[in-house]
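The next block holds one structure in the form of structure tokens; read it before the comments.
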Amino acid sequence: MQILFLGAPGAGKGTQCKKLAEKLSLPHLSSGDMLREAVKQGTKAGIEAKSFMDKGLLVTDDVLIKMFKEFLSKKEMDKGFILDGFPRNLPQAESLSTLLTELSKKLTVVINLQTSDDLLVDRITGRRVCPNKECNAVYHIKYFPSQKEGVCDKCQTELSHRSDDKPEVVKQRLQTYAEQTEPLIKYYGDQGLVKTVNGEGEADEVFNNLVKALQVTA
Ligand code: AMP
Numbered sequence: 047m048q049i050l051f052l053g054a055p056g057a058g059k060g061t062q063c064k065k066l067a068e069k070l071s072l073p074h075l076s077s078g079d080m081l082r083e084a085v086k087q088g089t090k091a092g093i094e095a096k097s098f099m100d101k102g103l104l105v106t107d108d109v110l111i112k113m114f115k116e117f118l119s120k121k122e123m124d125k126g127f128i129l130d131g132f133p134r135n136l137p138q139a140e141s142l143s144t145l146l147t148e149l150s151k152k153l154t155v156v157i158n159l160q161t162s163d164d165l166l167v168d169r170i171t172g173r174r175v176c177p178n179k180e181c182n183a184v185y186h187i188k189y190f191p192s193q194k195e196g197v198c199d200k201c202q203t204e205l206s207h208r209s210d211d212k213p214e215v216v217k218q219r220l221q222t223y224a225e226q227t228e229p230l231i232k233y234y235g236d237q238g239l240v241k242t243v244n245g246e247g248e249a250d251e252v253f254n255n256l257v258k259a260l261q262v263t264a
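So in our numbering, spot 132 of the sequence shown is number 178, and the numbers just go up one at a time.
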């Protein structure tokens with residue numbers, strides 16, 4: 047299966063994609079995780095990306111397209127993949143379509159993970175993440191706290207608060223989503239690919255909605 051996730055920041059894409067990737071044994075390609083890793087490594091793309099990310103704006107299309115071209119061309123993607131965070135605007139969606147045609151692949155389904163705006167802000171500002179790239183676990187101070195405060199349950203790394211999860215940047219990220227990414231729901235809807243999933247509630251509950259929509263067994 048080639049699955050693409052759409053959803054506002056805080057809708058729970060990362061959490062659900064990780065669970066689904068594990069269940070279906072598919073690679074999970076998260077543009078945000080890739081960019082944060084590039085920032086940490088101090089690569090040319092990372093240095094360029096950081097200033098956009100810190101403001102809640104989209105990083106230049108070329109950076110993302112190059113990144114995904116490299117990943118999607120890998121042999122291990124032949125069994126399928128889960129795209130999380132790419133594409134984020136119409137030019138990226140068109141580039142993805144060209145790329146998939148070149149690779150003789152196509153999207154199976156686009157999941158639109160839907161949540162109310164109030165919930166999004168609460169979810170993002172309380173989010174804490176494990177910065178270990180082999181783990182990348184996600185917690186929430188209220189809804190899903192780690193057992194020991196500030197420490198990852200899985201790998202014991204100190205948790206961090208993403209710099210773009212601060213309230214002043216969150217507002218811009220939500221606006222960027224509404225203006226540039228939301229139109230993709232119609233773009234893929236016109237291709238008959240979109241399934242909308244209710245993203246409100248506990249992570250396991252949302253996951254059940256997701257597997258039902260995908261018609262795979264929970
Ligand atoms: P995320 O972790 O998906 O919320 O992404 C964090 C930040 O990375 C976003 O606010 C953007 O600045 C940047 N980013 C992630 N994916 C993309 C993309 N497909 N195009 C441009 N910028 C992106």
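The beta-carbon is built from N, C-alpha and C at its ideal position, and this holds for glycine as well.
Output yes or no for whether 7 Å exceeds the beta carbon distance between Asp107 and Pro73. no
Is there contact here, the region 152-160 with the region 47-65, by at least three beta-carbon pairs under 8 Å? yes
Hey, could you find the ends of the alpha helix (DSSP H) Ser77 is sitting in? Ser77 to Gln87
Strand pairing of Lys130, partner residues [DSSP]: The question names Lys, but residue 130 in the sequence shown is Asp. Asp130 is bridged to Phe51 and Ser76.
Using the rule of at least 16 other Cβ atoms within 10 Å of the residue's Cβ for burial, across every protein chain shown, is Asp162 buried or exposed? First, the amino acid is wrong: residue 162 is Ser here, not Asp. Result: exposed.
Going along the chain, which residues of its own chain have a beta-carbon closer than 8 Å to the beta-carbon of Lys241, five neighbours each way excluded? Val155, Val156, Ile157, Asn158, Ala259 and Leu260
Exposed or buried, Gln202, counting other C-beta atoms within 10 Å across all chains shown (16 or more means buried)? exposed
Tell me whether Tyr189 is buried or exposed, calling it buried when 16 or more other Cβ atoms sit within 10 Å of its Cβ. exposed
Would Ile170 and Gly245 qualify as a contact pair, given that the criterion is a beta-carbon distance under 7 Å? no
Span separating the alpha-carbon of Lys90 from that of Gly196: 31 Å
Paired residues, beta bridge with Phe190 - DSSP: His186
For a minimum of 4 consecutive residues, which ranges assigned as the alpha helix (DSSP H) are wholly contained in the region 141-214? 163-171
Starting from Asn254, trace the beta strand (DSSP E) both ways and give me its first and last residue. Taken as a continuous stretch (DSSP letters only), Asn254 belongs to no beta strand (DSSP E), being part of the alpha helix (DSSP H) at Ala249 to Leu260.
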